[in-house]
Amino acid sequence: MNAASTGSAAVPSANTTAAPSSTAPPPPLPNGFINPLPQGNRPFEGEPLNAIVSHNSSSDMLDPEGFLVWATALGFGVSCLGQGDPQTIMYADLGPKNERVKQGSGSGFNGVLRWNYGMPEVGTCRETFEGGNHFRWFMQRSRHGTAYFLATSLEQSLSNLHNVQTDGYNRGRDQVVNIATQPGGIEWKGNKFQATVAWIEPGRLMNATSQNISHAEMALPDQPIVDGRIAVLYLL
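Read the sequence shown against the UniProt record's numbering and you will find it ends at 236, with the numbers running on by one and no gaps.
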């Protein structure tokens with residue numbers, strides 16, 4: 001389950017979902033989003049969507065403004081000085097009625113959120129040059145509410161062309177989860193958030209794989225670049 005760039009369509013050469021099995025059906029997926037792969041076997045390429053913010057979260061998360069307040073409390077912000085490049089806008093296929101969702105909201109320039117190094121106003125400029133955690137976000141709208149799909153990763157410095165760090169997809173996701181679920185919650189200007197997490201295991205929405213994933217060469221030795229796990233966050 002991945003985001004694709006504007007410049008290239010998905011190539012149907014490999015699966016990111018598990019093959020059908022004759023064994024007993026798996027348990028239900030965690031609630032709080034619409035399964036974007038209702039028919040299974042949906043190939044993609046690009047950046048893995050490895051975390052989801054549930055549409056069952058606090059009502060404050062029903063619109064992008066609330067999501068961005070949470071992201072700020074998490075320690076992220078829009079790219080340096082609000083800059084954006086139309087050539088880097090990405091889209092995600094999030095299922096029926098959400099087939100081509102642009103990152104972020106509006107122009108999409110706010111669709112990449114970068115680690116702010118504890119400096120909400122200017123810290124993302126440091127991340128741009130030094131690297132660190134960042135994620136793209138995509139809204140899945142339905143009659144149940146809005147879920148947010150995240151493509152998180154740790155990236156290298158600008159001088160290294162923002163290549164993904166070693167095991168950067170899994171580590172980036174885990175860092176976001178650890179901050180979001182820390183005891184006592186997180187806060188930004190009086191807005192407090194607590195969260196719990198449920199995990200989708202490999203083979204349900206995404207396999208442990210390197211096929212069709214960007215920067216696959218940054219995998220750990222003898223391991224796929226993504227472990228196939230997806231975190232579903234429930235914000236209170």
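Glycine residues also receive a C-beta, built at the ideal position from the N, C-alpha and C atoms.
Everything numeric in this text was worked out from a predicted model, so none of it was measured.
Buried or exposed: residue i, going by 16 or more other Cβ atoms within 10 Å of its Cβ?
| i | result |
| --- | --- |
| Asn170 | buried |
| Gly168 | buried |
| Trp70 | buried |
| Ala24 | exposed |
| Gln87 | exposed |
| Ser8 | Below a pLDDT of 50, predicted positions are generally treated as unreliable, and Ser8, at 34, falls in that range; the measurement from the model is reported next regardless. It counts as exposed. |
| Leu68 | buried |
| Leu236 | exposed |
Restricting to Cα atoms, I'd like to know which of the options is closest to residue i.
| i | options | result |
| --- | --- | --- |
| Val78 | Ser57, Gln156 and Asn110 | Asn110 |
| Ala147 | Leu161, Pro30 and Gly106 | Pro30 |
| Glu130 | Ala195, Ser157, Ser57 and Ser142 | Ser157 |
| Asn50 | Val176, Leu161 and Pro96 | Val176 |
| Arg100 | Met139, Leu74 and Lys192 | Met139 |
| Gly32 | Asp174, Leu113, Ser214 and Thr196 | Thr196 |
| Ile52 | Ala73, Trp188 and Ala198 | Ala198 |
| Pro179 | Thr209, Arg141 and Phe76 | Note on identity: in this sequence residue 179 is Ile, with Pro being the wrong assignment. When only C-alpha atoms are compared, the closest one is Phe76. |
| Arg141 | Pro221, Met1, Asp63 and Met218 | Asp63 |
| residue 252 | Pro96, Gly184 and Asp85 | A question about residue 252 goes unanswered here, because the residues of the chain that appear run from 1 up to 236. |
Can you give me the start and stop residues for the alpha helix (DSSP H) that residue i sits inside?
| i | result |
| --- | --- |
| Val69 | Pro64 to Leu74 |
Could you tell me the alpha carbon to alpha carbon distance between residue i and residue j, rounded to whole angstroms?
| i | j | result |
| --- | --- | --- |
| Gln83 | Lys102 | 17 Å |
| Arg42 | Phe149 | Confidence in Arg42 is poor, its pLDDT being 45 and thus under 50, which makes the residue's placement too unreliable to answer from. |
| Gly46 | Val122 | 28 Å |
| Leu154 | Gly172 | 5 Å |
| Leu65 | Ser105 | First, the amino acid is wrong: residue 65 is Glu here, not Leu. Approximately 10 Å, taken between the alpha carbons. |
| Thr128 | Cys80 | 7 Å |
| Asn116 | Arg136 | 15 Å |
| Arg143 | His162 | 37 Å |
| Gln223 | Gln182 | 28 Å |
| Asn133 | Ala151 | 11 Å |
| Ser59 | Tyr234 | 11 Å |
| Met61 | Thr166 | 32 Å |
| residue 238 | Gln194 | What is shown of the chain runs 1 to 236, which leaves residue 238 out entirely. |
| Asn98 | Met119 | 34 Å |
| Ala3 | His55 | 20 Å |
| Asn212 | Pro27 | 27 Å |
| Asn160 | Thr72 | 26 Å |
| Trp188 | Leu74 | 8 Å |
Taking residue i as part of the beta strand (DSSP E), name the residues at either end of that continuous run.
| i | result |
| --- | --- |
| Glu155 | Gly145 to Glu155 |
| Gly132 | Gly132 to Ser142 |
| Asn170 | That residue, Asn170, is in no beta strand (DSSP E); its alpha helix (DSSP H) goes Gly168 to Ala180. |
| Ala208 | Per DSSP, Ala208 belongs to no beta strand (DSSP E) and is neither H nor E. |
| Phe193 | Asn191 to Phe193 |
| Val112 | Val112 to Trp115 |
| Ala51 | Ala51 to Val53 |
| Ile186 | Ile186 to Trp188 |
| Leu233 | Ile230 to Leu235 |
| Met90 | Met90 to Ala92 |
Subject >> Any 3 or more C-beta pairs closer than 8 Å across the stretch 29-37 and the stretch 87-105 >> reply: Contact between the stretch 29-37 and the stretch 87-105 is established, with three or more Cβ pairs separated by less than 8 Å.
Original post:
Does the stretch 193-207 come within contact of the stretch 225-233, defined as at least 3 CB pairs closer than 8 Å?
Top reply: Touching, per the Cβ criterion.
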